[in-house]
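Residue numbers (my numbering): 136 to 208.
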Amino acid sequence: MFTIKWVECGRESEPILTEASSLTNISKLVSACKQDLYRLRALYTDMPPDGFILIDNEGHEALRWFRVPPPTA
């Protein structure tokens, strides 16, 4: 099981939405999240998420994905 944090690029510490997922296969979860991103962007028009961070059961970041690469400093 994973927690999904939907985030705006550059504001990852302030998730727009946090959800629990029952999927245990990370590949399937990433695929599902990529599809859900466009639905969530339409729902949260004031601050649409740019990507997501997956947190495992132990509270560690397992993966982060953004639809556009974050800008470099």
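Ideal Cβ placement from N, Cα and C applies to all residues, glycine included.
- Within the same chain, Cβ atoms closer than 6 angstroms to the Cβ of Leu152 are found at Trp141, the five residues on either side in sequence being excluded.
- Secondary structure at Ile188: strand, using DSSP grouped into helix, strand and coil.
- A distance below 8 angstroms between beta-carbons, with the five flanking residues on each side excluded, links Cys168 to the following residues of its chain, in chain order: Ile139, Phe187, Leu189 and Trp200.
- By DSSP's assignment, Arg199 forms a beta bridge with Ile188.
- Shown here for Glu154: same chain residues with a beta carbon closer than 6 angstroms to its own, the five before and five after excluded, namely Ile139 in chain order.
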